[in-house]
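Chains as they are written, first to last, in the working numbering: chain P, 830 to 1194; chain B, 2 to 516. Heads up, the beta-carbon is just placed ideally off N, CA and C, and yes, glycines get one too. Here the structure is a predicted model, which means the values were calculated and not measured.
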């Protein structure tokens, strides 16, 4: 009563927001003297037309699903985890240690071991800000941001001083053993002799991210813990009345969030680079915030938003490759998408709601 | 009342005011005439549209149709500035005062004459003095708001309106936070204002206030004005019937209590809050099986803390036992779940902030606090289907309207939200029921039902501790009454052997022994 139908809320609103974002992006592209329609075609060509483009788009999508879910789980407890980037970096350290020091006989075992290690390391990195928030009231936004910088420095130190093989020049670990190689989409789906998905980094981890979506959905809406997390997120006083410990929920929600962010590194470190490198996260931790925001903290929404941002990442790379449009512009476009779908959401929602109300009243009359 | 002279224009006239929020018709073709120099009561259940109507009058909402006449002049009120300019003053239920400003500073806030404060303050001081003499509205102009009693804070609100030259004063549930004595003072002031020619609109749900203090009364039900009558021509029963649309039982129907064993025993209970202030100063209290013990007192005298301690979300020292079992009062084991396991159910004072998750659906709320119980689990998942079925059945039996378990709690009216909470707590069949403000913001029809449920539980031999700021409610529902003042129990009386006057004195901290 008094609300829009679900389809309008879930599809129409984001769609209109996207169109608005596209419109303003077009103006920006025009402003730097390029043709927006051509640019758009190029993005679609590069990201969606060819299988290799898809291979990249889905690779980015996988990253964003993990980080988006991480932000969403924390947000259901009203905790703003800005530290996905750092948690993913430290998760990568876990992956590297698991792959370098344990002789896995087969990739299927390696991915289980690497995921576990990534989740544990990511969760551990999230634990400290969570504990500080729960016990000391240090604001989690501040601490998680700071922990991103610390993670970056720790990673640099480990790569330069500890994990770098002697004689190697670049700050990276040794390559992982052949047995840990994860099947990529080319190996999985291309028929004999076909070039389908060739050279693209999308790999089996994509399916792991889909599993993570299901896991988060079940966790949040079907379990006792999810009920605790959501009720704590909506009202801390009510949670206290119910007998839920705020400390416990804060810490657990952040551990799960950190674990999900950490698992992103299975895709980048084990699935793509096959060794630990310095900048494998590429800002995915931050994009996750936008993905969760746009996906309304629901796994299905996050999946869709991750696809969109995957497309933007890959399409943007193509733009930079084939035109004079600088790569930074794609950040502008992403920012516009975030602005319109997230921050200015009500600008679209309110008039639309009024429209539906007026329409509904006429029908009732 | 004598018929008004034909020449005096009405103070306020509304003609055909309608306002819809989407498909919900909050006000439907409302017309009302208020004569100058009268107290006009507006009474109605929650959600009847009283607040919407007053918000339109004060410029918060714009009416879809209809006209407002003030002193015979057609007036547009697009915002509250316009309402003030038209001479309308509003005293909200929750005061809009700056706590760490003085009375004088609060009064000129928003009505300063220029960039410099000194001349405004001087002028206000003078005006305040005349107002105080004229209406017996005495307040120290240099006192900080936070140091004033609630009754005096309300006077500041009234002074604020008068300073802005209001001659129509709207008061929204003004006695909700006052002691009986403070309420009497308020009505003396209102009477004085009326004699000076001011017009007062009193919004309340208390039939007694309407009957005692108003000249005319308008009854609202479901967005419509069902009747406007001279107060002297009506009765409480008649008004209640007009409000609810059916006959209502105003008295709680109950047999004398048959108290059994001591169930809940409180000894030497002390609570120190986070700021280090002692809120509860050594309370001893016993509740036996099959009796309702009511705690009366003005809000903020330690009753809330008492409930919080018993409910498991406030640390304390002292001793609390249930059926002889000592309960931990701090640290591990002193939480809501442990209390429920010990047989204590709790209908909290603030259902919207504590008792319910407003965004959760009714069925999710139907197990809130008990959601860890094994009976609601299905392996590692929650038994959502089972909970839903149970909730639907519960809503049916407790007459929750509408009976849609999927509706979010925030979409129910106050009374129905309360029924959801009461149903949840009573259905657990507890040994002890704590119940805070059972009917705050609850409509008359639902009050009757909720009171009956509480009495039924008592008759099943349960121990019930009731906290309410409504003295009438405590008197009619409780078998024994303890009065709290400043963190202490000033005295205990049998409900049948005391009256509002005696309790009112105790509530103000005056013990019988000294007088």
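- Contact between residue 1015/P and residue 1003/P does not hold, since the beta-carbon distance rounds to 25 Å and is not under 8 Å.
- Within the segment 1063–1082 of chain P, 1063, 1064, 1066, 1067, 1068, 1069, 1070, 1071, 1072, 1073 and 1074 place their CB atoms closer than 9 Å to a CB of chain B, listed in sequence order.
- When C-beta distances to chain P are compared with 8 Å, the residues of the segment 384–413 of chain B below that value are 385 and 412, in chain order.
- In this structure, the straight-line span from the alpha carbon of residue 370/B to that of residue 1071/P is close to 4 Å.
- A Cβ-Cβ distance of about 6 Å is found for the pair residue 481/B and residue 493/B, placing them in contact under the 8 Å criterion.
- A check of alpha carbon separations from residue 989/P across 1182/P, 906/P and 1105/P identifies 1105/P as the nearest.
- Look at residue 164/B here: in three-state DSSP terms it is helix.
- With distances taken between CA atoms, residue 460/B lies nearest to 291/B out of 291/B, 59/B and 488/B.
- Within the same chain, 296, 298, 468 and 485 come within 7 Å of residue 304/B by CB-CB distance, once the 5 residues on both sides are set aside.
- Judged by their CB atoms, residue 172/B and residue 92/B are nearer to each other than the 8 Å cut-off.
- By the neighbour-count criterion, in which a residue is buried when 16 or more other Cβ atoms sit within 10 angstroms of its Cβ, residue 850/P is buried.
- It is roughly 29 Å from the alpha-carbon of residue 391/B to the alpha-carbon of residue 1128/P.
- The beta carbon of residue 50/B lies closer than 6 Å to those of 27, 28, 221 and 224 in the same chain, with the five residues before and after it left out.
- Interface flag for residue 1060/P against chain B is set, since a Cβ pair is found closer than 8 Å.
- Checking the DSSP bridge columns, you'll see residue 229/B partnered with 219/B.
- Here residue 268/B is exposed, its C-beta having fewer than 16 other C-beta atoms within 10 Å.
- Looking from the CA of residue 147/B, the closest CA among 165/B, 107/B and 233/B belongs to 107/B.
- Contact check for residue 1096/P against residue 1034/P passes: the beta carbons are separated by less than 8 Å.
- Using beta-carbon distances, residue 361/B counts as an interface residue toward chain P, with a partner under 8 Å.
- Boundaries of the alpha helix (DSSP H) around residue 186/B: 181–196.
- In the DSSP assignment, residue 494/B forms a beta bridge with 482/B.
- The C-beta distance from residue 946/P to residue 926/P rounds to 6 Å, short enough to fall under 8 Å.
- Assignment of residue 1142/P by DSSP, reduced to helix, strand and coil, places it in the helix class.
- The C-beta of residue 444/B has 16 or more other C-beta atoms within 10 Å across all chains shown, which makes the residue buried.
- For residue 354/B, the residues of chain P that pass the 8 Å Cβ criterion are 1064, 1066 and 1067, in the order they occur in the chain.
- For residue 90/B, the enclosing beta strand (DSSP E) starts and ends at 89–92.
- Using a Cβ-Cβ cut-off of 8 Å, residue 349/B is close to 1070 of chain P, given in chain order.
- For residue 167/B, the closest Cβ of chain P is not nearer than 8 Å.
- Think of a sphere of 9 Å around the beta carbon of residue 382/B: the chain P residues whose beta carbon falls inside it are 1047, 1051, 1052 and 1053, in chain order.
- Exclusion of the five residues before and after residue 964/P leaves 1076 as the residues of its chain whose Cβ lies within less than 8 Å of its Cβ.
- Among the CB atoms of chain P, one or more fall inside 8 Å of the CB of residue 336/B.
- Neighbourhood of residue 960/P in chain B, by CB distance below 7 Å: empty, with the nearest CB roughly 18 Å away.
- From the beta-carbon of residue 372/B, the residues of chain P found nearer than 7 Å are 1053 and 1056.
- Apart from the 5 residues on each side of it in sequence, residue 330/B sits with its Cβ closer than 6 Å to the Cβ of 317 in its chain, given in chain order.
- Across the structure, residue 348/B and residue 427/B are spaced so that their CA atoms are roughly 9 Å apart.
- Apart from the 5 residues on each side of it in sequence, residue 314/B sits with its Cβ closer than 8 Å to the Cβ of 336 and 337 in its chain, given in chain order.
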